[in-house]
Amino acid sequence: MAAKATTTIKQVLNHQAEHGAWFAANQALFNRVTAFYFGVIQAHEKVLALSDKDALTALEKLTHTTQNNPTPVMPLEEILEDIPALFRRAAINAALGSARSFSSHLQKWRKRKEKAEAKGKGFHERPPVPPRAWNKSATLYAGMWKERDGSSMVMKVWTGTCWSWVKVRLIGRDLPTDADIGSPQLIRRGNQWWVHTPVEKQFKSPGKIEKQVTTNAQTRMCAVDLNLNEHLAVCTIQTVEGTILATTFIGGGRRISGFRKKQLGRIARNRSKTGIIAEGEQDNADLWRKIRQVDEQVAHLVSARIVQFAQAHQASILVFEHLGNLKPEKGKYSRRGNSKRAYWMKGRIFKYAKYKAWHIGVITSRVNPANTSRECHRCHRLVIRYDAGERAEGYTPGTSLVRCPHCWMQGHADRNASLVIGQRLIARYQTPLKEKPHAPVRHAGREEKSSGVALSQEAKSKSRPSTDLAGYGESNEHGTAQDGLLRMDERLSDIPCQLRLPFE
Ligand SMILES: [Zn+2]
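Going by this note's numbering, the sequence shown opens with residue 317, and the numbers climb by one from there.
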């Protein structure tokens with residue numbers, strides 16, 4: 317089974333100074349032609365009922381002068397003679413895209429209007445308007461470019477006075493050799509010109525989870541426990557039949573949290589200042605942007621590390637737990653804000669990891685998060701949770717170690733949770749009889765709201781965990797010690813655990 321993935325390769329152009337003006341002229345012409353065709357479509361709305369291919373033929377008939385079509389209704393020649401066919405077609409397709417989008421917005425607006433009027437309500441929403449200004453980038457169809465290699469290409473552009481082939485140097489990531497190359501776009505960003513090329517890669521799509529889990533006991537899963545503490549992610553590799561193969565701790569949580577707290581503190585101080593509001597607001601916008609950028613980068617780093625770990629150990633399934641609801645935390649502004657951002661980042665890490673995993677043929681799933689850290693990964697009964705140097709008794713949320721009073725399993729709390737997360741996925745595909753021992757553990761106590769995550773202790777049947785989205789959650793203030801106890805036959809990942817954070 318094959319699947320496709322599309323990405324865009326972005327390369328900046330190194331060109332002669334005067335060519336910048338040519339690219340600008342080329343883009344201006346592209347927009348004039350696109351606007352022209354948008355107008356033609358507005359005058360012949362029936363074109364929109366056709367497929368793109370038939371619409372292209374119809375629009376060329378309406379505009380393009382040939383021997384067989386000497387007097388088109390709206391001749392394109394009025395804009396410019398001798399526009400290359402492939403330049404024209406790229407503009408027609410751009411115009412069609414805009415016209416389809418405009419038409420669908422207009423239809424939706426009309427429906428809302430009719431609905432409101434039928435109910436006798438007033439309707440004051442303005443109708444969508446067609447684009448007034450056009451600022452599209454020219455797409456270069458095959459025939460408008462040639463001689464492309466890793467570092468240069470030749471393309472045909474309108475210089476403002478004539479059509480000319482121009483050779484440009486390309487700087488940036490090379491095109492992959494094993495992918496289908498789409499039509500490049502010539503894009504202006506500030507004073508620079510870029511070529512964006514869509515590439516489509518074929519890859520073997522991952523098999524369905526159920527099949528992988530039920531037909532091959534050696535299928536490897538990478539289970540991930542995402543945290544709000546130092547260990548942003550704790551990942552374990554285990555086979556379906558239960559052999560634990562590797563663990564990795566992805567750290568950096570304390571530093572990112574410290575960074576955020578500092579920025580949020582500054583924002584709070586700016587807010588409390590009076591008199592210089594305008595300046596304070598600008599400051600805050602900058603601080604927020606800084607926080608957002610760092611969060612985004614960390615989410616990308618952590619997700620990349622997770623997928624790298626899964627790949628290094630030939631895991632074909634990635635397992636997370638569903639995120640609980642975010643319960644607003646009490647306390648100082650910086651504390652509340654920080655936990656909200658951390659929660660948001662967990663969602664991002666999941667999203668990016670899922671996306672990155674898919675690209676290497678690894679499928680991602682989520683399981684019910686109820687009590688994943690309270691359950692023993694070996695015998696599935698309640699564990700004791702405590703900190704190093706303390707007595708092993710009771711259950712203290714947020715501590716770093718676990719011990720099972722029933723089977724004597726002991727180790728790092730987050731690692732235990734990660735293993736339980738992986739096992740829940742397998743339990744989903746086992747017969748109901750076998751699933752019994754995995755029944756969620758109940759605990760009388762209530763965890764502290766130390767993490768800002770919902771702490772529902774409700775534990776329902778988890779026969780279909782994937783549908784239990786909300787209402788589950790638990791404290792994610794797991795322990796912070798990195799010296800989790802590992803089994804003898806297990807090795808720590810050789811992938812470096814510490815992330816180089818973007819603000820350092
Ligand atoms: Zn146990």
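Beta carbons are placed, not taken as given, at the ideal position from N, Cα and C, and that holds for glycine.
In this text the structure is predicted, and so the values were computed from the model without any measurement.
Quick one: any contact between the segment 423-434 and the segment 394-412, if contact means 3 or more CB pairs under 8 Å?
no
The alpha helix (DSSP H) enclosing Trp338, as first and last residue numbers:
His335 to Ala359
Would you tell me roughly how many angstroms separate the C-alpha atoms of Gly714 and Gly727, rounded to the nearest one?
14 Å
Using alpha carbons as the reference points, say which of Ile525, Ser480, Thr493 and Val511 lies closest to Leu822.
The requested residue 822 does not occur in the structure, where the chain is confined to residues 317 to 820.
What number of angstroms, rounded off, separates the C-alpha of Tyr668 from the C-alpha of Thr513?
22 Å
Determine the direct distance from the alpha carbon of Trp509 to that of Val328, and round the result to whole angstroms.
6 Å
List the DSSP bridge partners of Gly727.
Val718
Does the beta-carbon of Leu731, which I'm using as the reference point, lie nearer than 7 Å to any heavy atom of ligand 1?
The displayed chain sequence assigns Arg, not Leu, to residue 731. Incorrect: Arg731 has no Cβ contact closer than 7 Å to ligand 1.
Tell me whether Met661, by its Cβ, gets closer than 7 Å to a heavy atom of ligand 1.
no
C-beta atoms of Arg536 and His629 nearer than 8 Å
yes
Near ligand 1: Cys692 beta-carbon under 7 Å from a heavy atom:
yes
Does any heavy atom of ligand 1 sit closer than 7 Å to the C-beta of Arg697?
yes
To the nearest angstrom, report how far apart Gly523 and Met661 are at their CA atoms.
29 Å
Taking buried to mean at least 16 other C-beta atoms within 10 Å of its own C-beta, is Pro500 buried or exposed?
buried
Which residues in the same chain have their Cβ closer than 7 Å to the Cβ of Leu366, if we skip the five residues on either side of it in sequence?
Ala374
In this structure, how does DSSP classify Asn532 when only helix, strand and coil are distinguished?
coil
Can you tell me whether Gln343 is buried or exposed, with buried defined as 16 or more other CB within 10 angstroms of its CB?
buried
Of the listed residues Arg652, Pro685 and Ala658, nearest to Val610 (C-alpha basis):
Ala658
Alpha carbon of Ile742 to alpha carbon of Ala321, nearest angstrom:
28 Å
Three Cβ pairs or more, each shorter than 8 Å: is that satisfied between the segment 567-579 and the segment 550-559?
no
Bridge-paired residues (DSSP) for Pro330
For the record, residue 330 in the displayed sequence is Asn; it is not Pro. Beta-bridge pairing links Asn330 to Arg485.
Whose C-beta lies closer than 7 Å to the C-beta of Asn347 among residues of the same chain, with five residues either side of it excluded?
Trp450, Asn451 and Lys452
Could you tell me the alpha carbon to alpha carbon distance between Leu364 and Val470, rounded to whole angstroms?
35 Å
Met537 - partner residues in DSSP beta bridges
Gln554 and Ile633
Counting beta carbon pairs with one atom in the segment 705-713 and one in the segment 524-535, are three or more of them shorter than 8 Å?
no
At a cut-off of 7 Å, would you count Met537 as near ligand 3, judging by its Cβ distance to the nearest heavy atom?
Although ligand 3 was asked about, the structure shown includes only ligand 1 as ligands.
Distance, Cα to Cα, Arg405 vs Leu502?
16 Å
Ala415: which of Asn543, Val484 and Ile357 sits nearest, CA to CA?
Ile357
For Gly488 versus Val515, is the C-beta distance shorter than 8 Å?
no
Apart from the five residues on each side of it in sequence, which residues of its chain come closer than 7 Å, Cβ to Cβ, to Lys483?
Ser468 and Val470
Quick one: residues in its chain with C-beta nearer than 6 Å to the C-beta of Ala786, no 5 flanking neighbours on either side, listed in chain order?
With a pLDDT of 30 at Ala786, under the threshold of 50, the modelled position of that residue is not reliable, and the figure given next carries that caveat. Asn641, listed in sequence order.
Classify Phe565 as helix, strand or coil using the three-state DSSP reduction.
strand
Ile633 and Ser573 - do their beta-carbons sit closer together than 8 Å?
no
When DSSP labels each residue in this structure, what does Val511 get in the three-state scheme?
strand
For Ala671, count neighbouring Cβ atoms within 10 angstroms of its own Cβ and tell me buried if that reaches 16, exposed if not.
A small correction: the amino acid at residue 671 is Tyr; Ala does not occupy that position in the sequence shown. The residue is exposed, with fewer than 16 neighbouring Cβ atoms inside 10 Å.
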